[in-house]
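From first to last, the protein sequence lines stand for chains E and S.
Counting along the first sequence from 1, when you hit position 66 you're at 1279 in the numbering used here, and nothing is skipped either side.
Counting along the second sequence from 1, when you hit position 56 you're at 393 in the numbering used here, and nothing is skipped either side.
Cβ coordinates follow ideal geometry from the N, Cα and C atoms, glycine included.
Inspection log for the structure reproduced underneath, given as structure tokens.
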Amino acid sequence: MTRFAMVIDTRTCIGCGDCVVACKTENNVPEGLNRDWVVEATSGTYPDLKTEFRSERCNHCSNPTCVTLCPTGASHLWKDTNIVLVEPEKCTGCKACIAACPYDARLVMHPDGYIDKCTFCHHRVEKGMDPACVSSCPTRCMHFGSLDDPSSEVSKLLKTREYKVLSPETGNEPNVYYLL
Amino acid sequence: MKRREFIKLSSAASAGAVVSPALMLGGCVSKPLPGTGTVTSTPTVCDMCFWKCAGDVYKEDGELWKITGNPDDLHSGGRLCTRGTGGPGAYLDRDRLRKPLMRVTVDGRQTFQEVSWDEALQFIATKMQGIADTVGPERMALLHHGAGGHHFLHLLRAFGSDSHAEPAFAQCRGPRDVGFRLTFGESASSPERTDMANARCIVLLGSHIGENLHNGQVQTLAEAINKDATLITVDPRFSVPAGKSKHWLPIKPGTDIALLLGWMNVVIEEELYDKDYVERYTIGFEQLAAHVRQYTPEWVFLETGIRPDVIRETAREMGKAAPATVVHPGRHATWYGDDTQRSRAVAILNTLLGSWNREGGFYIPEKVDMPHYPLPDYPKPKFKTGDAYPDKWPFASQGVTNGVIEASIGDDAFFKGWMVYGTNLPQTIPGAVDKLRAAADSLDLVVVVETMPSEMTGYADVILPECTFLERYDDIRNSGERHPSLALRMPAFEPLHESKPGWWIAKQLGERLGLRHYFPWNDYADKLDWELRQVGSSLEEMQKIGVKNFPRKRPLYFLEGQNVRFFTPSRKIELYSQQLADKGFDPMPVYTPPEPVPSGYYRLNYGRMPAHTFGKTTNNPLLFQLAPENQLWVNPLVANEHGLASGEYVRLASREGAISSKIRVRVTERIGPDSVFMAHGFGHKSKRLRLTAGAGADDSELMTNIKVDPIMGGTGMRGNFVTFVRQPGEGGAA
């Protein structure tokens, strides 16, 4: 199984939202819905402050509770990877996956009647390209690749830099990493 | 009745109802994955802002899919910014202008009526000819912003007028460009010639790169951060770059010149300056050293609130990294009315550090030496733009838009006609709505060329709908860069509705004014092809590659010990400016304390947000989804005092009594307790901008205390004070 990861450098992320718009045009995401979004977290008191920007999305977890809990098999893994997809034909819109996701990464509801989500742009990954959000980022703060390959950029970054994941306590083993 | 009423473009049809699709749960059919159809691409130069990144417009099965950066392009590095990526929204916007509109009076009331192109163009040509015949063609002025403006500048020059101004000068970059020109004989250029990717130390003064998304600036700043360059940000607000900085200096607003003089003091007293560079290239060092001796860090602390040890430490960081230190020139520089002098101070500090035209400081931009299409000489105008406001602003190197507006009011006004291209003056010129109305009431002709029904269209006699950048040719992009480079904007689509390209509109007007010989092309592509062939390319080649890079002909930086003649009167970098002294201005920057904040008021701080290019993009359906309104940043202490909570709506009142539209409060520590902040570009009133009308507030209408820079006419906008007002029945969380 290939384990794909996204590694995002909070030192250079400026919270510009280019990733959000790039996803929308690449994937024709319907008006009013987003598969990714940007969070600004500010701590401290003026003038002793710290701000972190994070581009967030589905974590394509190694232990994806959304897949486990999907009653119809609509939520599934793409090929032999950790990329979680939804098969519209099988989705009944029951929202079990929404309850199961610790990251609130599921869209309620695609106008065509299924629960939509980030696909890590598997249609691009298949062609050896980065996801659209990664390719568009003007500060190049986003990186994508396989963690199985020790020479990949994402593997190297996680070896050399301090990082965190979101909600590690859930045991979902997320695959979106934030460099500190 | 006034000759010209302001017509609010009311929407012809109510906002299109959103059709909710029937929810078919289970059994719905997968759509094909993106890019599985027939994919084609066309080169473009983005027009979402004025950085002019080159990109590719992708279509899938003939439908617009996406726009991405051209990997060979130096402006974008192959990556467009948020707004550029949102470019499809400009084409798809439902509210675009569709047909020419003309002001008519029906039942005693003025309104706009759809007319044919021929009728609109003939009306304009007749009026323009009338102005030329009675008072001369110079009385017709062009107010413009953006890549298509040059078509109309060409038209006006052929017509006999060189009267033109763009708000990019006196409302934005002007003081910086004039300050740098007075010092170095050259401006900081656009794209800015900062060599940030190679810098070891970067100093930002009020410049919030990352919130303003000038692509190359953002990319090179990120590169510097990745290389662990020292970042020093001076800003009363905890801006995005402040959050990335080793040193954030939360300065008392309006005291930047004091800090710059203090830094010069330390750099000279501690002998951190580049002695060889100063000796070789400058004039006036002795006067400067004597002048800044008084501005000790201890004195500067009392003005700026920045501790003396921090002033010394940051000056030493700059000195240590020099010449690979960029004291950034900024871009929007019209702040307090002494902005040319502040920009001079920035230029002088860079000179002391030896960073101008040195690696890691600034580079020498180079363009492609491309001949223009051969055309007859323009007639020589009897007046220049500045003759409309004589004895004012002696160093204005371009037209001053606020000067042109003032010279258009009254029966004996200098200007009698305006052509307005791509600039929404009511939101662009601070506190100018009354003057705009007075000018529009005086002028014989107001033509507005626009893609969108902006507020400015409400002042027009004739509104001409231009197609978007995705539907037209404009001139080849040939900006000074690290390498000479050309980029092509070409149509990816036929113009929607009855909109037309700017070049076509200008040619049609030219022909009706008897100026056919200035417009010999049938299609603008003919002109572009001729020009491209002079430099060994062709339209055909550029349609395939979009961007063509050329080798440099001269070095990127000064060579070691090179002798240089600068474009100043002394041929040196002028630390002491005799030019300024001769006109009665301070020959070296002098600090003037800012007006104190009146009790009960807060300083109005404003800026940009990365999702938008001021009001130009707020109705773009893609970008609207990302950022539908601006927010008012309020410090928690202030919020507490006024009982304000995040999410609630308030209005602001300026000290002089202007009241804003409603704006949503955001309580945040990122702003200090003496100021409030909002992004510029919201508070649209044109109801035809159906998404953005009524969303957020417009900072420019609160700017009722403008300090005009006496050197070049820039409108200082940061000396405005506001307080909160709640109107009955308003407020409460939304």
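Euclidean distance between Cα positions of residue i and residue j
i           : j           : result
Asp-646(S)  : Tyr-610(S)  : 19 Å
Val-355(S)  : His-949(S)  : Its pLDDT being 38, under 50, Val-355(S) is placed unreliably in this model, and the coordinates cannot settle the point.
Arg-1055(S) : Cys-509(S)  : 12 Å
Leu-596(S)  : Thr-765(S)  : 29 Å
Gly-1384(E) : Pro-1315(E) : 10 Å
Thr-1060(S) : Leu-1298(E) : 51 Å
Cys-1394(E) : Ser-1288(E) : It is not possible to answer for residue 1394(E), since the shown part of chain E is limited to 1214 through 1393.
Thr-1264(E) : Val-1251(E) : 13 Å
Pro-1381(E) : Thr-1352(E) : 27 Å
Gly-445(S)  : Gly-747(S)  : 24 Å
Pro-408(S)  : Lys-704(S)  : 19 Å
Gly-759(S)  : Thr-419(S)  : 21 Å
Ser-1275(E) : Pro-1387(E) : 6 Å
Asp-1035(S) : Val-987(S)  : 13 Å
For residue i: DSSP bridge partner residues
i           : result
Val-705(S)  : Paired residues: none, contrary to the question.
Val-1004(S) : Val-971(S)
Leu-411(S)  : BP columns for Leu-411(S) are empty, so no partner.
Gly-994(S)  : BP columns for Gly-994(S) are empty, so no partner.
His-1323(E) : Tyr-1327(E)
Minimum Cβ-Cβ distance from residue i to chain S less than 8 Å
i           : result
Lys-1330(E) : no
Gly-1401(E) : Residue numbering for chain E in the displayed model covers 1214 to 1393; residue 1401(E) lies beyond these limits and cannot be assessed.
Glu-1302(E) : yes
Gly-1341(E) : no
Leu-1370(E) : no
Val-1338(E) : no
Tyr-1327(E) : yes
Arg-1224(E) : yes
Leu-1392(E) : no
Beta-carbon proximity of residue i to residue j, cut-off 8 Å
i           : j           : result
Thr-520(S)  : Leu-541(S)  : no
Val-799(S)  : Ala-457(S)  : yes
Ala-507(S)  : Val-737(S)  : yes
Tyr-710(S)  : Glu-868(S)  : yes
His-488(S)  : Ala-843(S)  : yes
Pro-767(S)  : Met-439(S)  : no
Asn-1057(S) : Leu-941(S)  : yes
Leu-550(S)  : Val-757(S)  : no
Leu-1290(E) : Ala-1309(E) : no
Ser-836(S)  : Glu-803(S)  : yes
Pro-973(S)  : Glu-1006(S) : yes
Ala-1318(E) : Cys-1271(E) : yes
Leu-893(S)  : Tyr-428(S)  : no
Arg-298(S)  : Glu-966(S)  : No answer is possible for residue 298(S): the residues shown for chain S start at 338 and end at 1071.
Arg-574(S)  : Gly-697(S)  : no
Phe-1217(E) : Val-1338(E) : yes
Pro-660(S)  : Gly-621(S)  : no
Gly-516(S)  : Ser-734(S)  : no
Within-8 Å CB hit, residue i to chain E
i           : result
Gln-556(S)  : yes
Glu-640(S)  : no
Val-577(S)  : yes
Leu-596(S)  : no
Asn-552(S)  : yes
Glu-1006(S) : yes
Leu-417(S)  : yes
Thr-422(S)  : yes
Ala-427(S)  : no
Pro-947(S)  : yes
Ser-347(S)  : For Ser-347(S), the predicted model reports a pLDDT of 37, less than 50, meaning its position is unreliable; a value from the coordinates is still stated below. Not one chain E Cβ lies under 8 Å of Ser-347(S).
(request) Could you run through the region 843-861 of chain S and flag, in chain order, every residue whose CB is less than 7 Å away from some CB of chain E? (result) For the region 843-861 of chain S, the set of positions with a beta-carbon nearer than 7 Å to some beta-carbon of chain E is empty.
(request) With 8 Å as the C-beta to C-beta threshold (strictly closer), list the residues of the region 1232-1257 of chain E near chain S in chain order. (result) Val-1233, Val-1234, Ala-1235, Lys-1237, Thr-1238, Glu-1239, Asn-1240, Asn-1241, Glu-1244, Gly-1245, Asn-1247, Thr-1255, Gly-1257
(message) Any C-beta of chain E within less than 7 Å: which residues of the region 363-396 of chain S qualify?
(response) Gly-363, Gly-364, Cys-365, Val-366, Ser-367, Leu-370, Pro-371, Gly-372
(request) Could you please tell me which residues of the region 1268-1297 of chain E, in chain order, have their CB closer than 7 Å to any CB of chain S? (result) Using a CB distance below 7 Å, no part of the region 1268-1297 of chain E faces chain S.
(message) Using a Cβ-Cβ cutoff of 9 Å, what residues of the region 955-988 of chain S are near chain E? List them in chain order.
(response) Pro-958, Leu-959, Leu-960, Gln-962, Leu-963, Ala-964, Asn-972, Pro-973, Leu-974
(message) At a CB distance below 8 Å, what residues from the region 524-546 of chain S approach chain E? Give them in sequence order.
(response) Residues passing the 8 Å Cβ filter: none.
(request) Please name the residues in the region 1343-1363 of chain E whose beta-carbon is closer than 9 Å to at least one beta-carbon of chain S, in chain order. (result) Those residues of the region 1343-1363 of chain E that come within reach of chain S (Cβ to Cβ, closer than 9 Å) are Ala-1345, Ser-1348, Ser-1349, Cys-1350, Pro-1351, Thr-1352, Arg-1353, Cys-1354.
(request) Compile a chain-ordered list of the residues in the region 895-908 of chain S whose CB is closer than 9 Å to at least one CB of chain E. (result) none
(request) Mind checking the region 1309-1326 of chain E against chain S and listing, in chain order, the residues whose C-beta falls within less than 8 Å of any C-beta there? (result) Met-1322, Pro-1324, Asp-1325, Gly-1326
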